[in-house]
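Chains A and B, in that order, give the protein sequences. For the first sequence, the working numbering assigns the number 34 to the initial residue and increments by one for each residue that follows. For the second sequence, the working numbering assigns the number 30 to the initial residue and increments by one for each residue that follows. The block underneath contains the structure these notes are about, expressed in structure tokens.
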Amino acid sequence: MATQHIYDLLSKLNELRAVFILGQRAIPFIEEVVYFLREISPLLEEVNDSLADSTRKMPKASSQLKSVTQATEMATTEILDLIDVVLRELDEFNQSRSRAPEHLKQLVALDQELQERLPDALRPELEAWLAARNQLYAALQEPLAHQDRLIASVRERMNRIMLALQVQDITAQQLAAVNHLIESVRQRMAQLIQRLGGEVLEGLDVASLFTPGTFDPHAHYDRSGKRQQRADAIVEAFQQGNPAATEPASQDEIDALFGGSTPTSQSEIDTLFNGTPTSQDEIDALFSGSTPASQDEIDALFNKPQS
Amino acid sequence: MKFLVVDDSPTMRRIVCNALREIGYTDVIEAGDGVDALEKLEQETVDFVITDWNMPNMNGLELTRAIRNHNRLNNLPILMVTTRGMKEDVIAAMQARVNNYIVKPFTPEVLRDKINLILKTV
């Protein structure tokens, strides 16, 4: 029994020795890890501070975007007011000017009456004057017609300017979408900072900052008419009782959903990793060597005698 | 014919109202969102609704559904004028039973054509 106990004890001691040896081998690694953690700790702190700083600055960016929207809305309102004034004045001018041809006609009629009532003795002398006067009346018709065309043209251009101001509404929606994105990122970053043990940032209720559904994230100013044509085709299909006939989503629409016009290529992905695909050599170089570590080197790490 | 123009953007309301005036429709009232629009529809007799989609409180799609579920107003012509031009958007609007659909930016010619088209069919 006693001998058995001694064997057991020796066996346990051997196991303990193996553990100590393993521990000894592991110590350099643990030291490396501790050293690495010491090195990385200020870096993490810096990242944390930088995150907090960026997160604190985001509301300013967001508020500046809101100011831009408000400023463009004010400017647009001023332009619309001016267009209204111009259109109103054009209407007034048109109204007063529209009486001119009628007045001219009345003048001609009065002249003719006067001509008829002239005594015969005076007629030869005044006839030349009256003829010249009639010519002038006729010549006046052309400038009046020209004025008509000019007024219509100015009116048309004013209306075109007004319609072009739809860009303000579209841009406002684009800015609202960017704003929403900034606030969402800010919220996520603030959550990350909190998890990293940083400060708790206030005013992170995204829902209170943006009324849902008040902007279209895909809004864009497109005057080609293609989007209207596509909408018309769908409306027509519905009106003909055949909504299933609507064409499938185009690549443009799919791209728009992902916020880009072209898919990311492999070369673009490679560029992110310094331009060329990473080779085995580059990976080895990261571990301080241009050639793979030999078994001897690995053994040396564990203080194992060479065989 | 009385029009109700519903849009949360005062700029867009002015633009639509002006475009309507230019094509001969001068009797126009305005609302800033779907809730405001429903109140105006209860108070006044309106013959035609032109609505935006993206609005606070009640959007254009919800307004359309509310009108279609209303006993008195359910046959009111509705034209949606919006920046949303994706296929899914147009389908959703048609399923909510708008009469026609315009993608911003629009021209007065398109507005006139759509109004005439709707008036022919209702």
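Where is the CB? At the ideal position from N, CA and C, for every residue including glycine. None of the values given here were measured: they were computed from a predicted structure.
Taking the C-beta atoms as reference points, residue 107 (chain B) is found nearer than 8 angstroms to residue 127 (chain B). Any Cβ of chain B closer than 8 angstroms to the Cβ of residue 111 (chain A) would place that residue at the interface, and such an atom is absent. In chain order, 104, 106, 128 place their CB closer than 8 angstroms to the CB of residue 151 (chain B), counting only its own chain and leaving out the 5 sequence neighbours on each side.
For residue 91 (chain A), the enclosing alpha helix (DSSP H) has its first and last residue at 35-130. By the Cβ criterion, the segment 116-125 of chain B is in contact with the segment 81-96 of chain B, since at least three pairs of Cβ atoms, one from each stretch, lie closer than 8 angstroms. The alpha-carbon of residue 41 (chain A) is positioned some 46 angstroms away from that of residue 73 (chain A).
In this structure, residue 109 (chain B) sits near residue 80 (chain B), with a CB-CB distance shorter than 8 angstroms. For the segment 102-123 of chain B, the beta-carbon criterion of a distance under 9 angstroms to any beta-carbon of chain A is satisfied by 111, 112, 113, 114, 115, 116, 117, 118, 119, 120, 122, 123. In its chain, beyond the 5 residues on either side, 132 have a beta carbon closer than 8 angstroms to the beta carbon of residue 114 (chain B). Put simply, of A:112, A:111, A:275, A:229 the residue whose alpha carbon is nearest the alpha carbon of residue 77 (chain A) is A:229. By the Cβ neighbour-count rule, residue 63 (chain A) is exposed, with fewer than 16 other Cβ atoms within 10 Å of its own.
Residues of chain B whose Cβ lies closer than 7 angstroms to the Cβ of residue 195 (chain A) are, in chain order, 44, 47. Closer than 8 angstroms to the CB of residue 203 (chain A) there is at least one CB belonging to chain B.
For residue 213 (chain A), the closest of A:85, A:98, A:172, A:39 by C-alpha to C-alpha distance is A:98. Distance from the CA atom of residue 153 (chain A) to the CA atom of residue 128 (chain A), rounded to whole angstroms, is 41 angstroms. Excluding the 5 residues flanking it on each side, residue 97 (chain B) has same chain C-beta neighbours closer than 8 angstroms at 103, 125, 126, in chain order. Residue contact check for residue 130 (chain B) against chain A: a CB pair falls below 8 angstroms. Around the beta carbon of residue 203 (chain A), 16 or more other beta carbons lie within 10 angstroms, which makes this residue buried. Among the residues of chain B, those whose CB is under 8 angstroms from the CB of residue 249 (chain A) are 82, 83, 111, 112, 113, following chain order.
Excluding residues up to 5 positions away in sequence, 131 lie with their Cβ nearer than 8 angstroms to the Cβ of residue 139 (chain B) in the same chain.
Contact check between the segment 214-221 of chain A and the segment 262-271 of chain A: fewer than three CB pairs, one atom from each, fall below 8 angstroms, which does not count as touching. Residue 114 (chain A) and residue 164 (chain A) have their alpha carbons spaced roughly 48 angstroms apart. Note that the C-beta distance between residue 141 (chain B) and residue 58 (chain B) is not below 8 angstroms. Within the segment 136-163 of chain A, contact with chain B at the beta-carbon level (separation under 7 angstroms) is assigned to no residue. The straight-line gap separating the alpha-carbon atoms of residue 249 (chain A) and residue 258 (chain A) is approximately 18 angstroms. Residue 140 (chain A) and residue 146 (chain B) have their C-alpha atoms roughly 47 angstroms apart. Listed along the chain, the chain B residues whose CB falls inside 8 angstroms of the CB of residue 175 (chain A) amount to none; the nearest CB is some 28 angstroms away.
Straight across, the Cα-Cα distance linking residue 35 (chain B) with residue 146 (chain A) is about 59 angstroms. Annotated as distal: residue 95 (chain B) and residue 61 (chain B), with beta-carbon spacing of 8 angstroms or more. Interface criterion met: the Cβ of residue 51 (chain B) is under 8 angstroms from a Cβ in chain A. In the DSSP annotation of this structure, the continuous segment of the beta strand (DSSP E) that includes residue 33 (chain B) starts and ends at 32-35.
Around the beta carbon of residue 142 (chain A), fewer than 16 other beta carbons sit within 10 angstroms, so the residue counts as exposed. Contact note: residue 198 (chain A) reaches chain B through 40, 44, using a C-beta cutoff of 7 angstroms and chain order. DSSP places residue 57 (chain B) in the uninterrupted beta strand (DSSP E) bounded by 57-60. Nearest C-alpha to residue 39 (chain B) among A:39, A:37, A:105: A:105.
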